[in-house]
Amino acid sequence: MVTYVHTYIHTYIHTYIHTYIHTYIHTYIHTYIHTYIHTYIHTYIHTYIHTYIHTYIHTYIHTCIHAYMHTYIHTCIHACVYMHTCIHAYMHTCIHTCIHTYWSFQCLCQQIGYPVFSSHKFFSTHGDIRSTCVRCEPLPCEH
Numbered sequence: 001m002v003t004y005v006h007t008y009i010h011t012y013i014h015t016y017i018h019t020y021i022h023t024y025i026h027t028y029i030h031t032y033i034h035t036y037i038h039t040y041i042h043t044y045i046h047t048y049i050h051t052y053i054h055t056y057i058h059t060y061i062h063t064c065i066h067a068y069m070h071t072y073i074h075t076c077i078h079a080c081v082y083m084h085t086c087i088h089a090y091m092h093t094c095i096h097t098c099i100h101t102y103w104s105f106q107c108l109c110q111q112i113g114y115p116v117f118s119s120h121k122f123f124s125t126h127g128d129i130r131s132t133c134v135r136c137e138p139l140p141c142e143h
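Position 93 (the sequence shown) corresponds to 93 in the numbering used here; numbering is contiguous.
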């Protein structure tokens with residue numbers, strides 16, 4: 001009986017429990033947890049990091065840089081257009097004012113730099129044909 005009990009318990013302990021520990025727990029650790037770690041966590045890390053960071057970097061940074069560049073370039077272009085308009089308006093106003101101011105004191109011949117002939121001509125005291133200025137008519141233009 002002692003031999004039977006010793007053999008049975010020893011066999012039970014060494015076979016069943018050893019099998020349990022080495023097969024079930026080992027299988028659990030190496031299969032389930034290993035699968036869990038390598039599949040779930042790897043998938044999580046790969047998916048999360050790849051998706052989140054890639055999405056963050058690609059979308060956020062790309063969008064921010066694109067938006068910044070678009071806004072900056074758009075603003076610069078608008079500023080250039082604004083400056084162009086301002087300079088054009090300033091030059092137009094200056095030229096317009098200068099011409100009007102200048103024209104109010106000088107005849108058309110002097111304004112544009114060459115005589116504008118009227119329909120009639122007359123002889124000067126020197127005997128050459130002189131033209132009368134359109135603005136100064138009937139007075140002769142002294143050119």
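Yeah, the Cβ is synthetic: ideal placement off N, Cα and C, and Gly gets one too.
Worksheet item: What is the rounded straight-line gap between the Cα of residue 48 and the Cα of residue 17?
Response: 41 Å
Discussion item. DSSP three-state label for residue 1, please.
Written reply: coil
Practice prompt. Whole angstroms is fine: what's the gap from residue 7's alpha carbon to residue 36's?
Written response: 39 Å
Worksheet item: If we ignore side chains and look at the alpha-carbon of each, how far apart do residue 1 and residue 9 end up?
Response: 12 Å
Item to complete: Whole angstroms is fine: what's the gap from residue 13's alpha carbon to residue 4's?
Response: 14 Å
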